[in-house]
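Accompanying notes for the structure given below.
Protein chains: 2
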Amino acid sequence: MQEPMYIKIHNQIKRDIENKKYKVGERIPAERQLASKFNVSRMTLRQAIKTLEDEGILERRLGSGTYVSSQKVQEKMSGIMSFTDITRSNGQVPSSKLLSYRITKPSLSEKEKLKIQDTDNVLRMERVRFADNVPICYEVATIPYELVSRFSKDEISSSLYQTLEEKGGYKIGSVVENIGAAVANENEARLLSVKKGEPLVTRRQVTELSNHYPFEYVRASYVAERFEFTFEK
Amino acid sequence: MQEPMYIKIHNQIKRDIENKKYKVGERIPAERQLASKFNVSRMTLRQAIKTLEDEGILERRLGSGTYVSSQKVQEKMSGIMSFTDITRSNGQVPSSKLLSYRITKPSLSEKEKLKIQDTDNVLRMERVRFADNVPICYEVATIPYELVSRFSKDEISSSLYQTLEEKGGYKIGSVVENIGAAVANENEARLLSVKKGEPLVTRRQVTELSNHYPFEYVRASYVAERFEFTFEK
DNA sequence: CAGTGGTCTAGACCACAAA
DNA sequence: TTGTGGTCTAGACCACTGA
């Protein structure tokens with residue numbers, strides 16, 4: 079048995095919701111019924127329901143039943159959700175342009191954030207990201223080079239997380255983000271097609287692997303009038 | 079029995095951690111031992127552990143044990159944590175100055191965000207918030223007046239959430255926040271002691287009660303060079 | 001009232017970590 | 001190999017909701 083039963087049930091119920099077998103706002107069958115349908119004990123069934131509740135997909139109401147929630151809550155939290163996903167969920171087409179891709183020595187802040195030595199190399203990438211071909215974000219990402227030296231440029235620049243998890247055997251751990259504001263300098267103004275002095279939302283992100291080693295430091299600036307972060311709790 | 083057993087155990091273990099009976103990074107006793115100590119089944123004990131894990135207080139390691147986590151993760155998420163709490167946790171002294179407190183008709187955006195009618199009254203409060211007497215944030219909060227008409231000005235302006243939950247019998251539900259950027263206009267510049275055109279972090283927040291009625295709409299502007307939001311996941 | 005989710009028991013077997 | 005957390009069972013009684 080590869081997957082635990084409660085995960086299988088979780089996935090089945092999720093599919094049933096996607097396939098509109100259970101519709102938004104509607105009540106799903108009672109726990110005792112579902113338990114008997116899946117041939118598991120009620121505790122196991124409840125474990126499946128619990129994970130769906132944690133994802134914001136189901137909502138329990140005491141004495142009344144379990145309902146399909148209207149909101150897809152959790153995943154709107156930024157950071158875990160990539161620019162690509164956010165843009166797509168807004169019904170826009172994401173794209174990006176790689177401005178530079180260099181193996182070099184770390185800056186002071188990179189050294190500190192990535193907890194590496196002067197002698198280590200880093201890979202630094204600059205990008206502009208677009209939604210429907212309108213520039214939204216200028217982004218600099220830095221990665222300790224030894225972590226990715228065996229991957230191709232394309233594997234790194236187009237889907238770093240996936241490459242690291244699937245081909246590198248690494249697991250992503252925690253993410254820390256700082257969000258602030260700044261005004262566009264000349265370089266940012268040019269790259270993002272705004273005037274110098276226009277407001278930008280700034281984001282710094284340090285991502286760690288599950289072994290607590292930092293593997294990525296990102297500094298990004300978003301055009302405030304074209305982008306904002308949304309959080310739901 | 080007022081509180082469920084697993085909540086009591088949750089609280090007891092939390093106290094034990096606060097009292098350094100279990101220290102950060104250390105392993106706590108095994109589930110079977112704790113279950114027997116508290117005279118409950120292992121499933122019940124696990125439920126208590128689970129809630130502590132969800133709060134980021136404990137960390138399970140398969141095959142090894144359950145450990146006291148070093149990070150107090152969850153609560154750094156902004157919004158749930160008030161300005162007061164954030165400032166205190168930075169070791170600074172929070173204060174605030176109420177600039178205005180008026181019962182009036184809603185603006186267009188207030189009407190929309192709070193889902194109320196033209197004929198309803200709202201309570202609108204303007205504040206500047208300080209950390210160590212340095213102005214950090216200018217904030218306008220709007221509340222449907224009927225929700226708070228029976229409370230005193232002090233109960234509303236100094237601890238709204240507490241008043242609503244303890245004296246109003248309401249329960250806070252979801253919170254949606256949007257974070258962006260802007261530049262200071264003349265009014266903001268004067269109130270926050272910055273120059274016009276300086277970058278501000280903007281936040282809009284709509285808070286709902288557990289019955290899905292919006293009860294608060296807040297627009298806040300933070301001086302970017304003195305404040306940033308931090309998120310950990 | 002009947003039906004629902006919330007809590008709880010006293011076991012069981014498994015996979016994984018560390019010695 | 002021993003001890004740990006992960007999963008699971010087949011019941012039980014409770015408090016709450018809604019007709």
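The listed protein sequences correspond, in order, to chains A and B. The first sequence begins at 79 in this note's numbering and counts up one residue at a time. The second sequence begins at 79 in this note's numbering and counts up one residue at a time. Don't be surprised by glycine CBs; every beta carbon is placed ideally from N, CA and C. Treat the numbers as computed from the prediction; the structure is a model and nothing was measured.
A contact is defined here as three or more CB-CB pairs under 8 angstroms, and the region 292-302 of chain A meets this definition with respect to the region 262-278 of chain A. Under DSSP, GLN283 of chain A takes part in a beta bridge, and its partners are A:GLU255 and A:VAL296. In the three-state reduction of the DSSP assignment, PHE305 of chain B falls in the coil class. For SER174 of chain A, DSSP records a beta bridge to A:ARG207. A buried status is given to TYR100 of chain B, since no fewer than 16 other beta-carbon atoms sit within 10 Å of its beta-carbon. Taking a Cβ-Cβ cut-off of 7 angstroms, the neighbours of GLY258 of chain B in chain A comprise VAL279, ALA302 and GLU306, given in sequence order. Our two residues, VAL102 of chain B and GLU264 of chain A, have alpha carbons roughly 47 angstroms apart in a direct line.
Contacts between VAL272 of chain B and chain A, judged by CB atoms closer than 8 angstroms, are missing: the closest CB pair is about 12 angstroms apart.
Of all residues in the region 106-120 of chain B, none has a C-beta nearer than 9 angstroms to a C-beta of chain A. In this structure the region 199-217 of chain A lies against the region 161-168 of chain A, because at least three pairs of beta carbons, one per stretch, are closer than 8 angstroms. For the options A:LEU270, A:GLN283, A:GLN90 and A:ILE181, the alpha carbon positioned closest to that of ARG202 of chain A is the one of A:ILE181. In this structure, the CA atom of ASP198 of chain A is about 8 angstroms from the CA atom of PRO184 of chain A.
With a cutoff of 8 angstroms on beta-carbon distance, LYS92 of chain B and LEU130 of chain B are scored as near each other. When the beta-carbon positions are compared, PHE307 of chain A and ILE257 of chain B come within less than 8 angstroms of each other. Remark: C-beta atoms of ILE250 of chain B and TYR239 of chain B approach each other more closely than 8 angstroms. For the C-beta of GLY275 of chain A, the chain B residues within less than 9 angstroms are, from N- to C-terminus, VAL261 and GLY275.
Around the beta carbon of GLN111 of chain B, fewer than 16 other beta carbons lie within 10 angstroms, which makes this residue exposed.
Taking all protein chains in view, the Cβ of ALA298 of chain A is crowded by 16 or more other Cβ atoms within 10 Å, so the residue is classified as buried.
Residue pairing by DSSP places THR220 of chain A opposite A:ARG202 and A:TYR295 in a beta bridge.
For ARG105 of chain B and GLN90 of chain B, the gap between their C-alpha atoms comes out near 16 angstroms. Residues of the region 218-242 of chain A with a C-beta less than 8 angstroms from any C-beta of chain B: none at all. DSSP places LEU192 of chain B in the uninterrupted alpha helix (DSSP H) bounded by 186-192. Shown here, VAL261 of chain B sits in a strand according to DSSP, grouped into three states. In this structure ALA262 of chain A is buried. Its beta-carbon is surrounded by 16 or more other beta-carbon atoms within 10 angstroms.
Spatial neighbours of VAL171 of chain A in its own chain (CB-CB distance under 6 angstroms, excluding positions within 5 residues in sequence) are listed in chain order as ASP210. The beta-carbon of PHE293 of chain B is placed no less than 8 angstroms from the nearest beta-carbon of chain A.
Under DSSP, GLU310 of chain A takes part in a beta bridge, and its partners are B:VAL254. Using a Cβ distance threshold of 8 angstroms, GLY143 of chain A and ALA113 of chain A do not count as a contacting pair. With a threshold of 16 other beta carbon atoms within 10 Å, GLN283 of chain B meets it and is buried. The beta carbon of GLU233 of chain B is closer than 6 angstroms to those of THR241 in its chain, skipping five residues each way along the sequence. Going by beta carbons, VAL272 of chain B and GLU217 of chain B fall outside the 8 angstroms limit. Chain order gives the chain A residues near GLU310 of chain B as SER252, VAL253, VAL254 and GLU255, where near means a beta carbon separation below 9 angstroms. TYR84 of chain A is positioned such that its CB atom lies closer than 8 angstroms to that of ALA126 of chain A. According to the DSSP assignment, LEU123 of chain A belongs to the alpha helix (DSSP H) that extends over 120-132. Taking C-alpha positions only, PHE293 of chain B is separated from ASN117 of chain A by approximately 44 angstroms.
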